[in-house]
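Since the structure comes first, as structure tokens, the remarks are kept for the end.
Numbering (UniProt numbering), first residue to last: 1 to 334.
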């Protein structure tokens, strides 16, 4: 199996992806090669699952070590303070090297933007012009009508802004308190999603949503739903990384082996463990989330129909408004 260029960093993350000075063998960009797209060649270039284990200074059976806070507080040696009980790198160093497992929340739309959404600039222009004409020539019926329209637009925009703000806050609260099972220092424990770091060994159970990217260590009948993050539909069967490497070396023509665990996917069947290789904005879910912030929201068929109506009606409304203005001006002169 060709591995030429398999470890070349993936520059799509848009950051400096060098591994020098981090204390680990792999950079963020190199690890991203595993998933963009799934690459058994990249996994082979890393030395398989055992190579990732060594390069990330973790243990596929016991996980990373939890730093001893008492030891860190009493230690006078900087070398000792950067090590945990079993010699693996501390959590802080992993966060510095690979980032924190936090995804930015979408910003709420401004009140001005929501008003423009429900009442486009062209419509606002016409309403303002009609209102000006009505005030000038004392057409109280038109004044009342325009006032009602303005109040409706402001009320709807305010309600939408409040609903969007509450929704984002609720989502932030749910993510803040979600927990997942990891193995650290040989013990299974629950930690907050934000505390997951690269090198952690996570447990997979039916129904779990995967928060980070990784490579399957061990598992029994693990099947995933990846429809939210990839175009693959149905149950996707996973195979442990060691088994995948052994089979691919025995028969290089095998190309459908899949030991990769995608963030944003869901466990349908089976149980297992996997080692985390990407977190936060560098994971597959993180990249999709960041891209969604930049992409314009697709317009529905109703919105498109309203846009077409606006383009059709605007010239007519402008003509009618101009006619009213001219007629009232003549009447006012007489």
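All C-beta atoms in this analysis are idealised placements derived from N, C-alpha and C, irrespective of residue type, glycine included.
Apart from the five residues on each side of it in sequence, which residues of its chain come closer than 7 Å, Cβ to Cβ, to residue i?
i: residue 60; result: 49, 53, 201, 217, 275
i: residue 31; result: 277, 278
i: residue 249; result: none
i: residue 236; result: 223, 224, 226, 258
i: residue 55; result: 24, 25, 26, 46
i: residue 247; result: 254, 257
i: residue 37; result: none
i: residue 95; result: 197
With DSSP as the reference, label residue i as helix, strand or coil.
i: residue 278; result: strand
i: residue 30; result: helix
i: residue 50; result: helix
i: residue 183; result: strand
i: residue 68; result: The pLDDT assigned to residue 68 is 39, lower than 50, so where the model puts this residue is not dependable; a value taken from the coordinates is nonetheless given after this. It is coil, neither helix nor strand.
i: residue 216; result: strand
i: residue 223; result: strand
i: residue 40; result: helix
i: residue 25; result: coil
i: residue 234; result: coil
i: residue 155; result: helix
i: residue 199; result: coil
i: residue 241; result: helix
i: residue 270; result: strand
i: residue 289; result: helix
i: residue 335; result: Summary: the structure shown does not reach residue 335, with the chain confined to residues 1 through 334, and so no result is reported for it.
i: residue 247; result: helix
By a C-beta neighbour count over all protein chains shown, 10 Å radius and 16 as the cutoff for buried, is residue i buried or exposed?
i: residue 211; result: buried
i: residue 196; result: buried
i: residue 151; result: exposed
i: residue 92; result: exposed
CB-CB under 6 Å to residue i, same chain, minus the five flanking residues each way: which ones, in chain order?
i: residue 183; result: 63, 201
i: residue 46; result: 52
i: residue 191; result: 182
i: residue 239; result: 257, 259
i: residue 203; result: 181, 273
i: residue 103; result: 286, 289
i: residue 245; result: 48
Let me make sure I understand the geometry here. Which of the options has the alpha-carbon closest to that of residue i?
i: residue 221; options: 95, 44, 234, 206; result: 206
i: residue 280; options: 271, 272, 273, 290; result: 290
i: residue 230; options: 34, 284, 104, 158; result: 284
i: residue 178; options: 204, 209, 26; result: 209
i: residue 233; options: 254, 268, 242; result: 268
i: residue 288; options: 240, 65, 265; result: 265
i: residue 43; options: 163, 255, 155, 91; result: 255
i: residue 23; options: 158, 253, 198, 193; result: 198
i: residue 272; options: 245, 102, 219; result: 219
i: residue 228; options: 155, 95, 286; result: 286
i: residue 282; options: 40, 65, 98; result: 98
Residues in its own chain within less than 8 Å of residue i by CB, not counting five upstream and five downstream?
i: residue 215; result: 34, 43, 49, 52, 241, 259, 260, 261, 274, 275, 277
i: residue 193; result: 101, 175, 178, 179, 180, 211
Handout entry: Inter-stretch contact (C-beta, 8 Å, three-pair minimum) for the stretch 177-197 and the stretch 253-271
Key = no
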